[in-house]
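**Student:**
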Amino acid sequence: MSLKATLLFIVRRLAAMAVLMVVLSFAVFSLVYLAPGDAVDALLGGKSSTPELVASLKEEYHLNEPFFTQYWIWARDALHFDFGASTQTTLPVTDEIGARFGSSVFLGVYAYVLTLLFGVVPGVIAALRRRRAVDRGLVAGAVVTLSTPPFVLGILLLYLFAVVVPVFPAAGKGEGFLDQLWHLTLPAVALALTISAFLLRHTRASMIGVLDQDYVAFARARGLASRRIMLRYLLRNALIPVVTVSGVLLTYFVTGAVLVESTFSLGGLGELLVQSAESGDLPMIQGLTLIIAVIIISANLLADLAYMAIDPRIRFERRS
Amino acid sequence: MKSDVSGTRGLLRLSALAVAGVMVLGAAACTDNRPDAGGRDTHPVVKKRSVGPGKSVTDKQIPQLKVGVIGKVPTLDPKSNIGSGLYTNTLGLESLLRIGSNGRLEPWLATGYEQKSDKVYEYRLRKGVKFWDGSELTSDDVKYSWDHYRFDGSTRSRYFRNVADISTPDTYTVRVELKTPDGSWKYTPAMFWSVIFQKKFAQEHKKSHGKPGTLLVATGPWKFDSLNPTSGMELSANPYYWGGKPPIGRISVKSYADDNSMALALRAGEIDLSPSIGSPKGFNATAGKNSVTTVAICATTLLSMPTKNAPWDDVHVRRAVAYGLDRKNIIASTQGRAGAPLQMLISPILMRPLGSKEEVDSALATIPVHDHDLGKAKAELAKSKVPNGFSGTFVTPQSMAPTSEVIVDQLKKVGINLKLKSMTDTTWAALITGPADKRPMTIAETGACSPDPSWDDIFLGKANTAVGGLNLANYTPPEVDKLLASGLTTNEPKKRLQIYTDLLRRLGKDLPYVPLYAEGNHYASMKYDIVGYDSFWMNMPWALNVVAK
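These protein sequences, in sequence, are chains Y and R. The first sequence begins at 1 in our numbering and counts up by one. The second sequence begins at 1001 in our numbering and counts up by one.
#1: So which residues of chain Y does R:A992 contact, with C-beta pairs closer than 7 Å?
#2: If you draw a straight line from the alpha carbon of R:P1368 to that of R:R1049, how long is it in whole angstroms?
#3: Spell out a yes or no on whether the segment 1078-1092 of chain R and the segment 1188-1199 of chain R are touching, meaning 3 or more CB-CB pairs, one atom from each, closer than 8 Å.
#4: What residues from chain R crowd round Y:L288, counting only those whose CB sits closer than 8 Å?
#5: Would you verify that the beta carbon of R:S1236 is, or is not, closer than 9 Å to some beta carbon of chain Y?
#6: I want to verify the contact list: residues of chain Y whose CB lies under 8 Å from the CB of R:S1261, in sequence order.
#7: Name the chain Y residues whose beta carbon is nearer than 8 Å to that of R:N1081?
#8: Assuming the contact rule is C-beta atoms closer than 8 Å, R:D1170 and R:S1139 should be a hit. Round their C-beta distance to whole Å, please.
#9: State the DSSP-derived secondary structure class of R:V1005, mapped to helix, strand or coil.
#10: Quick check: the Cα distance between R:G1288 and R:Y1256, rounded to an integer number of angstroms?
#11: For R:P1397 and R:M1423, what's the separation of their Cα atoms in angstroms?
#12: Can you tell me which of R:K1413, R:I1416, R:T1446, R:L1418 puts its alpha carbon nearest to the alpha carbon of R:A1429?
#13: Using CA coordinates, which residue listed in Y:F68, Y:A16, Y:L266 is at the minimum distance from Y:A171?
#14: With a threshold of 9 Å between beta-carbons, can Y:L95 be considered close to chain R, or not?
#15: Assign R:A1296 to one of three DSSP states: helix, strand, or coil.
#16: Looking at chain Y, is there any beta carbon in it that lies within less than 9 Å of the beta carbon of R:A1524?
#17: From the beta carbon of R:S1279, is the nearest beta carbon of chain Y less than 9 Å away?
#18: Output the distance between the C-alpha atoms of R:I1530 and R:V1051, rounded to the nearest integer angstrom.
#19: For R:L1381, collect the residues of the same chain with a Cβ closer than 8 Å to its Cβ; drop the 5 residues on either side in sequence, then sort them by chain order.
#20: Looking at Y:S196 and Y:L117, is the spacing between their C-beta atoms short of 9 Å?
#21: Starting from R:F1224 and walking both ways along the beta strand (DSSP E), at which residues does that stretch end?
#22: Counting pairs of beta carbons, one from the segment 126-136 of chain Y and one from the segment 85-103 of chain Y, are three or more of them closer than 8 Å?
#23: For Y:P149, which residues in the same chain have their Cβ closer than 8 Å to its Cβ, ignoring the five residues on either side in sequence?
#24: In its own chain, which residues sit with a C-beta less than 6 Å from the C-beta of R:P1541, not counting the 5 before and 5 after it?
#25: Quick one: Cα of R:S1154 to Cα of R:M1191, how far?
#26: Have a look at R:L1097, R:T1490, R:T1088, R:Y1087 and flag the residue whose alpha-carbon is nearest the alpha-carbon of R:T1188.
#27: I'd like the ranges of any alpha helix (DSSP H) spanning at least 4 consecutive residues and lying wholly in the segment 1126-1169 of chain R.
#28: Leaving out five residues on either side along the sequence, give the residues of the same chain with a beta carbon under 6 Å from the beta carbon of R:F1536.
#29: Which one of Y:V93, Y:L178, Y:F81, Y:I10 has the shortest CA to CA distance from Y:S276?
#30: In whole angstroms, what separates the C-alpha of R:A1285 from that of R:S1276?
#31: Taking Cβ positions only, does Y:I285 come closer than 9 Å to chain R?
#32: Could you pull out every residue in the same chain whose Cβ sits closer than 6 Å to the Cβ of Y:L288, ignoring the five residues on either side in sequence?
#33: Quick one: is Y:E60 buried, meaning 16 or more other Cβ sit within 10 Å of its Cβ, or exposed?
#34: Report, in whole angstroms, the separation of the C-beta atoms of R:L1374 and R:G1324, which I expect to be a contact under 8 Å.
#35: Distance, Cα to Cα, R:V1057 vs R:Y1172?
#36: Please classify R:H1522: does DSSP put it in a helix, a strand, or coil?
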C-alpha cells in the first residue's frame, strides 16, 4: 500500500471519527435532559438546592437558551476541553480527568506490554511444544489464571510483594517514569495476567493453525533458517488475531481497570467514572464519556494501521 | 471566657449529608482496642489535653508522620467539597476556639469571646498569630473567611445562615450579629466549618484559591506544600507557628480507595497512622496487631418507625419493638463500628455541657429506657391493635444490611415479621427524605454531630417533615415543636437541661425512634496514639496530640 493510500485511509478514518464524535457528543449532552428530573436537578447531582444556586446554574449552563443553542455552546467549550465543573468536587472536569489521565494511560500501556509478554511468548512456546509437559503446564496455568479475577490477583500480589516480601509499594501511582514503573508494576501484572492467559490460548491455537499450513512445510523444505521461518512465516500470520484484539485490550486497560485501581488506590479514570455514575456527577460523566470515546476510536485506528502493516492481504484488498 | 448561648439549626444539612452519605465516609465501626468500654482510663485517647492552646502534648519530635486517609482531597478551600480533607484540613487551618473536655469552649486563635446580648458575640483575637508567610492574623482575615463561607455558593453557608452581620471594630476584635437568638452558634467558631485563612492570598487567587497548584495560606502548625487530588498531600512545619515549634517535621498524607488497601499499607509500614477508618474488625484482620482504637461518639444510630402509618401509629407496637431489640447482638453485627449501647436520641455527650455531672446524671436518670425483655415486648404487642403480630417491610441501606438482618430476626421472636428491603445508599437516602407519609420503617447511622443538644432537632419537628428533611418517623406533636424552639432560644444552661430532659422523656414515652447505639470514631496505628480523640477530634490540628505508643 502506498503512502498516499495509507494517508487517505487515515484521513477517511479521522473524518468518520469526527462524525461519530458529533453524534456521540449530542447524545452525551442530551443526558442533561434524559436524566430524571429537570436539567437543574441533573446538574445539582443530588445536592440540595437554593434559589441562588438554581439561578447560578441556569446562567452558567445557559439553561434559558434554546436546546440547540445550549448544545452548540457546550460543544464549543468541549472542543476546548472545558466540560464545566464537577458537581461533587467543584473542580473543573478537565482538571480531574487530567490528574488521572497520565497514570491511567501509563498503567494501560504497561499492562498491555506485559499482556503481550505473558500471553504471546508462552503461547508460541506451548504451540511449538504441543502435547508435551511444557504445553500442558502452560495451558493448565492459563486456565487457573483465567478463572481468577484481576482484583483477587491484585490482593494476592499485594500481600506477597508488598507485605511478606516488601519489594513493591502497597498503593499509589508514583511520579516520574521510574517511580511510576515501580508503583504500577503490581497493578499492571494483576491486570495483565488474566488477559494474557486468554491471549496465551488464543496465540497457541493460532500458531498451531499456522504450523500446519503447507507454506510452512514448504519453507522448511526449502531449507530456510528457523529464525526466518519463525518471524516471517509463523509469527506474522499467527499474530494477526492478536493485533485484532489489541485496540479493545488497550481501551480496557486504560478505562476499565476500576477494580484494580481500587485495590491499589490508584485513582484512575475507571474509578472516576464509577464514582461519577454513583454520585450523578453529570458534567464529569459527559467529559469522561467523550474522552473514553476518543481513546476507543484512537486505539482501534492504531490497531487497524498495525493490521495493515503486517497483513499484506489487507493492503491488497484496499488497493484493489 | 464568658458566655453560653444556644441554638441554631444551621447544622441540619450536615446531617442530611451524614445520613445520606457519611456512610460512605464510614463514620462508624469498632474493635478490640476500646478504652472507654474497658475501663482503661489511662489510655491516651481518654486523657484530656493538659497543655495550653497551640501547644503539643509531647516534647518528643517526630521527623515525619505518614498518614493514610480513605478517599481523595480535591481542594483545600473549605467552602467547597473537600472530600477527605475533612480529616486533614485542620492540620493547617485553625478556628478561633476549640471544643475542650465536656464540650466546653476553650481559646485557640481567639483568646476569648463575650456574648454582648442574645444576638451579639464579640471575639478577641490572639495577638502575634502569624500566617505561613510571616504576616499577622487580623480581624479582617476572620471576617473575610467567614463571609467566604456565608455567600457565593459555599457548601458551608448553612452554618452561617443565621448570621446577620460580621464586623471588625478593631484589628483584633470580630463582632457577629445574629438574626435570631441561636443556642448552637457559640460552637460554630470552634468547628471545622469556620476555619480561618489569609484574606490577601485569597484575593490574589480568587479563581484558584485552595486548588492544587495554588493551595492557600493559613496559620496552622503545618503548611500545605503540595496537593494531588488523586494521591494525597505533603505538609511541613510552619516556622512562624504561634504555639511554638510543631512536634512533627513533615506530614505526608496518602489517599486510599478503601479500608483494605489502607490496612495493607499500614501493615507494610507505608503509613504510620490513619486518623479515621471505616470497619475496625476488617481493618484489624488485614493490618493485624490490634491496630484500631475505637471511641464512642455523640452520633447515634436510630431505628425509626413511621408514626402516622398503621400499625406503627400504635405506641404499643413501637414499645414492643423497643423491648424486643437486644442491643448487645445488634452491636456485635456492626463489625466494630458501634461505640456503645444507647437508650436516648440525644447523646449524653451533648447533654454534659448543660450542668454538673450530678445534675446531668440525675436528669438523664428520669428518662424511660427499654432494655431487652421479650416478655415485656409480647405484653406490649398484646395491648396493641395487632395483638397476634403482623407483617411489614423494613427498608435498609445496603451498608447496614447485616445489622438489619439481626433486627428482623429479633423482632420475629416478638411476633413481628418484617421483610427486609435492601437498597443502595443513594436510593435509600432519596426515599427517607422524600414525602413524609412515604417514609418507611428504617435504620440510619447519622455519622456526625455538633456539641449542642439541638443537633438532634434534625430528626424531629414539623419543619423536618418537608421533602429533604430528616424527620424519618414523621413525628410531629406540637408540644415537641415548642420544646425544640425553647431549646434553641434559651440561653441559661440549667433551663436548657430541663428542656432537653423533657424532650427526651417525651421521646422515651412516644418512641418514634429506638436509639440503638452510639457510633464510634476509630483511628489505626501500631506506633502512635491520639490524645483526647473524641467526637470532635478533627476540629483542631490533631497531630499536636499524637504521642508514641
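Using N, Cα and C, we set each Cβ at its ideal position, and we do this for glycine too.
**Tutor:** Taking the definition as stated:
#1: Absent from the model: residue 992 of chain R. The displayed extent of chain R is 1001 to 1549, so no value can be given.
#2: 35 Å
#3: yes
#4: Ordered by position in chain R, no residue passes the 8 Å Cβ test against Y:L288, which lies about 14 Å from the chain.
#5: Against chain Y, the CB of R:S1236 has no partner CB under 9 Å away; the residue lies outside that interface.
#6: L158, A170, A171, S262, T263, F264, S265
#7: Q88, T89, T90
#8: The Cβ separation is near 7 Å, so the contact holds.
#9: In this prediction, R:V1005 has a pLDDT of 30, which is less than 50 and means its spatial position is unreliable; what the coordinates show is noted afterwards. Residue state, collapsed to three classes: coil.
#10: Rounded to the nearest angstrom, the two C-alpha atoms are 18 Å apart.
#11: 5 Å
#12: Selected option, being the one with the closest Cα: R:T1446.
#13: Y:L266
#14: A quick correction: the sequence has Asp, not Leu, at residue 95 of chain Y. Yes, Y:D95 counts as interfacial toward chain R.
#15: strand
#16: no
#17: no
#18: 14 Å
#19: H1316, V1317, A1320, P1387, G1389, V1414, G1415, I1416
#20: Cβ atoms of Y:L117 and Y:S196: closer than 9 Å.
#21: 1222-1228 is the span of the beta strand (DSSP E), which, as asked, contains R:F1224.
#22: Cβ pair count under 8 Å is below three, so no.
#23: T194, L259
#24: T1090, L1091, G1220, P1221
#25: 16 Å
#26: R:L1097
#27: 1139-1150
#28: Excluding positions up to five away in sequence, the list reads I1099.
#29: For the residues Y:V93, Y:L178, Y:F81, Y:I10, the minimum Cα distance to Y:S276 belongs to Y:V93.
#30: 16 Å
#31: So no, Y:I285 is outside the interface.
#32: L273
#33: exposed
#34: 7 Å
#35: 28 Å
#36: Strand at R:H1522.
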